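K.L.:
Take this structure first; my questions come after.
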Ligand SMILES: Nc1ncnc2c1ncn2[C@@H]1O[C@H](COP(=O)(O)OP(=O)(O)O)[C@@H](O)[C@H]1O
Ligand SMILES: [Mg+2]
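Residue numbers (my numbering), protein chains in the order written: chain A, 1 to 290; chain B, 291 to 598.
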């Protein structure tokens, strides 16, 4: 153990020299070290394929590194522990929630209502509490009209809302989000930001640890206090306060997060750095942001 | 993609055809793009009947019973049908399935248009040889082929009866199984399997299999649409070749998606044993249904299959 014994509270996550390789020798992450403290709001930035989704799956204990170590609150996060130690698993799953990049993969229940109830039921909540939480979430996320609909029959934005609601309903203290603005129109992005407590509206939202992957520099600016920039070979290229890194145009441009092209604002053409649109693979309807 | 109304999936060819028949029935899709339509139909069927649980959510006769009672009844009935030697037993079961299905909001077309032809076709392959004198000697019905020495190949009375009996039996079991399964909500079905002591791993596989099928059809349809949008001229023969060629890749993609779904379940705390809301209490009619199933099996067994 290299952690200083004097540290007051161990970080929520600590990664030491983590490497992850997909079948077919695809190195998604290599030699990645990172610590995420309680209450951090971290934007994971990086070009497509830089390993953002892979990192989130690692943090959520769904895949496990080929080399290196992952700790959660000072305890090793390993496959064996999650499988064999039931109370550790329950504690960890109750604490961390992950909203997947592709809502189609996340939604598997037959109705929106069941989708919302799924997480709390697995965590062993009493049924009356589950029912009350479902009713609140249906109202909060404007899903009442859709409660009996199968989730995969909803529109892209509605699916995203259900996916977010189905995770937030379990009140996770650590929230991991993969491309929360992917394929959403500006209004839905605004709603997502509100739902995530961008304004620190509730004390719970203000205390929550947030790690989200995005290309969307606006969302990063709105939500993050810290930015971790991943390079294309899956290492940490930069790590620092959001204001500083998001203002560093040359850094962002080398990592493919900005491009310049001319466009029109109220009949005037001009050029300024421009954020990338949605990631491919989200369906044809996404299109480019501008 | 899935969110769109189904109309969006009809090929763009409609807009290029001359607008000469404004009074033709508007609901008919163009009879081209066979593959696109088939993929869409399979997916719709799976969604409506199996995954969306539209039928299970409907009020109806079978929907009113406890899933565990239905499972016991189904097993009892299947045992009775398997033991029965008299063709009247499966025939009666098959006839009884129809009014029960009708009272349970099951579309009868599902039986005669989809289930029976498939079951009969499948059974015919297995049962037909039994109808010939080679396997079942007996009074000849039709002689198909004669040899010089007077022997030959013919359909025999006991042979035909045996083949018919098998086909009836399989149809009856398939009809009741689908009627019971389609009227049962998925989480309740999982409860029932748990109550019977089916191991958690098998139940998890069952749960994933549902989702997997829908994903597979989704992917096939999405790929087909993507291809259609990039092709000017389509022919069904090309389509079939394309699907055959893509089958492996589609399975791989569906497999990756299935893994992602499993991740999503795990991420929300599901262990091997997926928890479901507590089932409603067992009522008198549930006990009666379960007993009826067991009684049918015992009665048929006790009477030696009710020999003809
Ligand atoms: N299931 C997978 N199988 C093989 N390679 C994968 C898989 N998922 C991702 N990859 C590869 O791993 C790398 C990182 O992917 P990912 O974490 O999804 O990046 P990001 O989310 O930043 O776009 C990419 O090169 C990608 O091609
Ligand atoms: Mg990603």
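Glycine included, C-beta positions come from ideal geometry on N, C-alpha and C.
From a predicted model like this one, the values you see are computed outputs, not experimental measurements.
Counting only beta-carbon atoms, is residue 188(A) nearer than 8 Å to chain B?
P.N.:
With 8 Å as the cut-off, residue 188(A) does not count as an interface residue toward chain B.
K.L.:
Under the criterion of a Cβ to heavy atom distance below 7 Å, does residue 106(A) qualify as lining ligand 3?
P.N.:
Ligands present in the displayed structure are limited to ligand 1 and ligand 2, and ligand 3 is not among them.
K.L.:
Helix, strand or coil, according to DSSP, for residue 412(B) in the structure here?
P.N.:
Helix at residue 412(B).
K.L.:
So which of 383(B), 364(B) and 552(B) has the shortest CA-CA distance to residue 455(B)?
P.N.:
For residue 455(B), the nearest C-alpha among the options comes from 383(B).
K.L.:
With a threshold of 7 Å (Cβ to nearest heavy atom), would residue 49(A) be considered close to ligand 1?
P.N.:
Yes - ligand 1 has a heavy atom lying nearer than 7 Å to the Cβ of residue 49(A).
K.L.:
With a threshold of 16 other CB atoms inside 10 Å of the CB of residue 148(A), please say whether the residue is buried or exposed.
P.N.:
Classification for residue 148(A): exposed.
K.L.:
To the nearest angstrom, report how far apart residue 308(A) and residue 174(A) are at their CA atoms.
P.N.:
Because chain A is modelled from 1 through 290, residue 308(A) falls outside the range shown and cannot be assessed.
K.L.:
Can you tell me whether residue 233(A) sits near ligand 2, meaning its C-beta is under 7 Å from at least one heavy atom of the ligand?
P.N.:
It does not: the Cβ of residue 233(A) is nowhere closer than 7 Å to a heavy atom of ligand 2.
K.L.:
Assuming residue 224(A) contacts residue 103(A) under a Cβ cut-off of 8 Å, what Cβ separation, rounded to an integer in Å, is found between them?
P.N.:
In fact, because the Cβ distance is near 22 Å, the residues do not count as touching under 8 Å.
K.L.:
What does residue 557(B) touch in chain A if you count any residue whose Cβ is under 7 Å from its own?
P.N.:
The answer, in chain order, is 60, 62 and 98.
K.L.:
Mind pulling the beta strand (DSSP E) runs of 3 or more residues that sit fully within the segment 32-59 of chain A?
P.N.:
Whole beta strand (DSSP E) segments, 3+ residues: 41-45.
K.L.:
With 9 Å as the limit, tell me which residues of the segment 108-125 of chain A have their beta carbon closer than that to any beta carbon of chain B; keep them in chain order.
P.N.:
Within the segment 108-125 of chain A, the qualifying residues are 108, 109, 110, 111, 114, 117, 118, 119, 120, 121, 122, 123 and 124.
K.L.:
From the DSSP output, read off the bridge partner residues of residue 241(A).
P.N.:
Answer is 226(A).
K.L.:
Using the rule of at least 16 other Cβ atoms within 10 Å of the residue's Cβ for burial, across every protein chain shown, is residue 412(B) buried or exposed?
P.N.:
By the neighbour-count rule (16 or more Cβ atoms within 10 Å), residue 412(B) is not buried but exposed.
K.L.:
Around the C-beta of residue 408(B), are 16 or more other C-beta atoms found within 10 angstroms, so that it is buried, or is it exposed?
P.N.:
Exposed, by the Cβ-count rule.
K.L.:
Which of helix, strand or coil does DSSP assign to residue 98(A)?
P.N.:
Three-state result, residue 98(A): strand.
K.L.:
Any heavy atom of ligand 1 closer than 7 Å to the CB of residue 28(A)?
P.N.:
Yes, ligand 1 has a heavy atom inside 7 Å of this Cβ.
K.L.:
I'd like to know whether the C-beta atoms of residue 366(B) and residue 586(B) end up nearer to each other than 8 Å.
P.N.:
Going by C-beta atoms, residue 366(B) is nearer than 8 Å to residue 586(B).
K.L.:
Please tell me whether residue 459(B) and residue 380(B) are closer than 8 Å, where the distance is taken between their beta carbons.
P.N.:
Taking 8 Å as the Cβ cut-off, residue 459(B) and residue 380(B) qualify as a contacting pair.
K.L.:
Write down every uninterrupted run of the beta strand (DSSP E) in the segment 434-463 of chain B whose length is 3 residues or greater and which is fully enclosed by it, in chain order.
P.N.:
Whole beta strand (DSSP E) segments, 3+ residues: 442-446.
K.L.:
Residues in the segment 544-578 of chain B with C-beta within 8 Å of chain A's C-beta atoms, listed in sequence order?
P.N.:
For the segment 544-578 of chain B, which is checked against every Cβ of chain A, the residues closer than 8 Å are 547, 550, 551, 553, 554, 555, 556, 557, 558, 559, 560, 561, 564, 565, 566, 567 and 568.
K.L.:
Please report the straight-line C-alpha distance between residue 124(A) and residue 115(A), rounded to a whole angstrom.
P.N.:
About 15 Å.
K.L.:
By the 10 Å Cβ neighbour count, where 16 or more other Cβ atoms means buried, how is residue 87(A) classified, buried or exposed?
P.N.:
So residue 87(A) ends up on the exposed side.
K.L.:
Can you pull the chain A neighbours of residue 358(B), defined as C-beta to C-beta under 9 Å?
P.N.:
Simply none; closest approach about 19 Å.
K.L.:
For residue 158(A) versus residue 177(A), is the C-beta spacing smaller than 8 Å?
P.N.:
No, they are not a contact pair.
K.L.:
Distance, Cα to Cα, residue 589(B) vs residue 168(A)?
P.N.:
Each residue's Cα considered, the two are about 54 Å apart.
K.L.:
Taking the alpha helix (DSSP H) that residue 375(B) belongs to, which residues open and close that run?
P.N.:
No alpha helix (DSSP H) contains residue 375(B), which DSSP labels as neither H nor E.
K.L.:
Can you give the beta carbon distance from residue 68(A) to residue 82(A), rounded, assuming they're within the 8 Å contact cut?
P.N.:
With 8 Å as the limit, residue 68(A) and residue 82(A) do not qualify as a contact, their Cβ atoms being about 17 Å apart.
K.L.:
Just to make sure I have the definition right: I need the residues of chain B whose C-beta is within less than 9 Å of the C-beta of residue 127(A). Which are they?
P.N.:
Per Cβ cutoff of 9 Å: 567 and 568.
K.L.:
Does chain A have any CB closer than 8 Å to the CB of residue 476(B)?
P.N.:
Yes, contact with chain A.
K.L.:
If the criterion is Cβ atoms closer than 8 Å, does the pair residue 296(A) and residue 130(A) meet it?
P.N.:
With chain A covering only 1 through 290, there is no way to say anything about residue 296(A).
K.L.:
Consider the C-beta atom of residue 148(A) and the heavy atoms of ligand 2; say whether any pair is separated by less than 7 Å.
P.N.:
Incorrect: residue 148(A) has no Cβ contact closer than 7 Å to ligand 2.
K.L.:
Distance, Cα to Cα, residue 235(A) vs residue 57(A)?
P.N.:
About 16 Å.
K.L.:
I'd like to check one pair, residue 373(B) with residue 463(B): are the Cβ atoms closer than 8 Å?
P.N.:
Contact flag unset, no.
K.L.:
At a cut-off of 7 Å, is residue 250(A) close to ligand 1 when judged by its beta-carbon and the heavy atoms of the ligand?
P.N.:
Result no, Cβ not under 7 Å from ligand 1.
K.L.:
According to the Cβ coordinates, are residue 422(B) and residue 465(B) closer than 8 Å?
P.N.:
No, these two residues do not count as a Cβ contact at 8 Å.
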